[in-house]
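In what follows, a single structure is set out as structure tokens and then discussed.
2 protein chains.
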Amino acid sequence: MTDLLERLRERGWRLTPQRRVVAEVLRGDHVHLSAEAVHGLAQQRLPEISLATVYNTLNELVSLGEVAEVTAGDGPKRYDPNVAETHQHLVCVRCNHLLDVRPEGAQNLGLPPEERHGYQILDIRLLFRGICPKCLEDPTSG
Amino acid sequence: MTDLLERLRERGWRLTPQRRVVAEVLRGDHVHLSAEAVHGLAQQRLPEISLATVYNTLNELVSLGEVAEVTAGDGPKRYDPNVAETHQHLVCVRCNHLLDVRPEGAQNLGLPPEERHGYQILDIRLLFRGICPKCLEDPTSG
DNA sequence: GTATATGCAAAGCATTTGCATTAAA
DNA sequence: TTTAATGCAAATGCTTTGCATATAC
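Here the protein sequences line up with chains A and B, keeping their order.
Read left to right, the first sequence gives residues 1460 to 1601 (the numbering used here).
Read left to right, the second sequence gives residues 1460 to 1601 (the numbering used here).
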């Protein structure tokens, strides 16, 4: 597993300070940042980076397959750099907190032929929804 | 299984022409309409119905548990009146076409205790992503 | 030097909201 | 009669886009 930035350079990615900072902010295995959050963290290193550039860069990383978009619960999309190891997500329906999970039984999931309706299946996404410990305790929010 | 409108009346739902029309448009088992689409169909029966009312009504049906919101792929949410029978969805990543499916193995899915992170699990959503037959044939879109 | 990324501001789309009016119960 | 729903238009939140400028290669 080579480094993200190195992989990108190999793929002919034009490396600007903005792009490097976005890629750096997205390093790690349990990262699920919104575009705004990426922007905020990126600005700490590069104050003049614009939100539009963050969006452009994120979209590019997604289409390069280096980052996954996570749509779960309300609010903005989140961006997950961990595309190497298959995993699924657990989201709090109350506060939208998001976590990686490895469910059991997921490898035995499938669509029987008569349920495929002629589709070519690409992947399966699982979303576990629940209430996080913090929200379970908190009497105010819910 | 009583009728949706009857159930709603029993629950003290104030029955207006607008609400009745929205509920009628959402009858059926393989219905996945966007709010715009519901509005369009509703207007055929009741030309003066507003989009805001359609949104209000849909949200209410969702919080009453009579309709499920489906977020899959790009574009607007879709509304699924089939809450009686558990099912999952298959979406075309190219054209967003959406279908109900009953996967095998879904009943054996679960999060082992050490993967629950203190969450109380409410439900599991599965999304099968693929390419629909129409898009598989069509050389232009993709 | 040339192609491409950036920043800005404006536009876009889906959805929600405030408020005066209307209508269901 | 009272309480709640409607319609409108404006506001919101997230994301994309057009275009002139700047910059990586």
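No residue lacks a Cβ here, since even glycine has one placed at the ideal position from N, Cα and C.
As the structure is a prediction and not an experimental result, all values here were calculated from the model.
Going along the chain, which residues of its own chain have a beta-carbon closer than 6 Å to the beta-carbon of residue i, five neighbours each way excluded?
i, result
"B:L1632", "Given a span of 1460 to 1601 for chain B in the structure shown, any question on residue 1632 of chain B remains unanswerable."
"A:T1549", "One point to set straight first is that residue 1549 of chain A is Leu, not Thr, in the sequence displayed. So the qualifying residues of the chain are L1558, V1560, F1587."
"A:G1601", "Bear in mind that the predicted position of A:G1601 carries a pLDDT of just 46, short of 50, making it unreliable; the figure below should be weighed with that in mind. Excluding residues within five positions, the ones whose Cβ falls inside 6 Å are R1553."
"B:H1498", "L1510, V1513"
"B:A1602", "Examination of residue 1602 of chain B is not possible in this model, given that chain B is present from 1460 through 1601 alone."
"A:R1478", "T1516"
"B:Q1547", "V1560, P1562, L1585"
Quick one: list the residues of chain B neighbouring residue i, beta-carbon separation under 8 Å, in chain order.
i, result
"A:G1471", "Result: empty, since nearest Cβ-Cβ is about 23 Å, beyond 8 Å."
Within the same chain, show all residues whose beta-carbon is closer than 8 Å to that of residue i, passing over the 5 residues directly before and after it, in chain order.
i, result
"B:Q1502", "I1508"
"B:R1473", "none"
"B:A1494", "L1510, V1513, Y1514, L1517, P1535, K1536, Y1538"
"A:G1524", "V1542"
"B:V1526", "L1485, L1517, L1520, Y1538, D1539, P1540, V1542"
"B:L1581", "none"
With a threshold of 7 Å on Cβ separation, who are the neighbours of residue i within its own chain once the five nearest residues in sequence on each side are excluded?
i, result
"B:N1555", "G1532, D1533, G1534"
"A:E1528", "V1521, K1536, Y1538"
"A:P1506", "none"
"B:P1476", "L1505"
"A:R1575", "none"
"A:T1530", "K1536"
Which chain A residues are close to residue i, counting only those with a beta carbon under 7 Å from its beta carbon?
i, result
"B:G1534", "Chain A residues near B:G1534: none, gap ~11 Å exceeds 7 Å."
"B:T1530", "T1530"
Taking residue i as the query, report the chain A residues whose CB atoms sit under 8 Å from its CB, ordered along the chain.
i, result
"B:V1490", "Neighbours of B:V1490 on chain A: none; closest Cβ ~16 Å, over 8 Å."
"B:G1524", "Within chain A, no residue comes near B:G1524; the closest Cβ sits about 13 Å away, beyond 8 Å."
"B:H1551", "It should be noted that the sequence gives Cys, not His, for residue 1551 of chain B. Correct list: Y1578."
Find the residues of chain B that neighbour residue i, judging by a C-beta separation of less than 9 Å, and give them in chain order.
i, result
"A:N1567", "E1563, G1564, N1567, L1568"
What residues from chain B crowd round residue i, counting only those whose CB sits closer than 7 Å?
i, result
"A:D1582", "R1588"
"A:Q1579", "G1589, I1590, L1595"
"A:V1560", "L1570, E1574"
Are the region 1555-1565 of chain B and the region 1563-1580 of chain A in contact at 8 Å, needing three or more beta carbon pairs? yes
Contact set between the region 1584-1595 of chain B and chain A, restricted to residues whose Cβ is under 7 Å from the partner: R1584, L1585, L1586, F1587, R1588, G1589, I1590, C1591, P1592, L1595
Does the region 1541-1559 of chain B come within contact of the region 1484-1493 of chain B, defined as at least 3 CB pairs closer than 8 Å? Yes, the region 1541-1559 of chain B touches the region 1484-1493 of chain B.
With three or more C-beta pairs closer than 8 Å as the rule, is the region 1589-1596 of chain B touching the region 1463-1471 of chain B? no
Which whole runs of the beta strand (DSSP E) in the region 1502-1572 of chain B are 3 residues long or more, in chain order? 1527-1529, 1537-1539, 1547-1551, 1557-1560
List in chain order: all unbroken alpha helix (DSSP H) runs of 4+ residues lying wholly within the region 1569-1597 of chain B. 1592-1596
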